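Peer 1: Residue numbering for the sequence shown follows my numbering, starting at 8 and increasing by one per position.
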Amino acid sequence: MRPCSLPRLAADASQEDLDRLYAERGAALVACDVARRLAVETLEVERGLVDDWLDGRPR
8 MRPCSLPRLA ADASQEDLDR LYAERGAALV ACDVARRLAV ETLEVERGLV
58 DDWLDGRPR
């Protein structure tokens, strides 16, 4: 439920800073997407277990 944190470029950044930040930001986006997918998958499984329990079906 918490937002992903993405690196930001400083106002006085150099080309080297931009290059480094480009890679760091890409890695942060991938990590954010993996966390989001895991959260969605966990929620779907949890809801399935609750539905099974409410219907009296063992899983």
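In this text, a Cβ means the ideal position worked out from N, Cα and C, and glycines have one as well.
All figures in this text were calculated on a predicted structure; none of them were measured in a lab.
1) By alpha-carbon positions, which one of Val41, Val57, Leu16, Glu53 ends up nearest to Arg32?
2) Flag this pair as yes or no: are the beta carbons of Pro10 and Leu28 separated by less than 7 Å?
3) Where Val52 and Arg64 are concerned, what is the direct C-alpha to C-alpha distance, given to the nearest angstrom?
4) Is Arg9 helix, strand or coil by DSSP?
Peer 2: Quick look at the numbers:
1) The residue you call residue 32 lines up with position 25 of the sequence shown. That would be Leu16, whose Cα lies nearest to the Cα of Arg32.
2) For the purposes of this step, residue 10 is taken as residue 3 along the sequence shown, with counting starting at 1. For the purposes of this step, residue 28 is taken as residue 21 along the sequence shown, with counting starting at 1. In this structure, Leu28 does not lie closer than 7 Å to Pro10 by Cβ.
3) Here residue 52 is taken as the residue at index 45 of the sequence shown, counted from 1. Here residue 64 is taken as the residue at index 57 of the sequence shown, counted from 1. Approximately 15 Å, taken between the alpha carbons.
4) Position 2 of the sequence shown holds residue 9. Looking at Arg9 - three-state DSSP - the assignment turns out to be coil, as it is neither helix nor strand.
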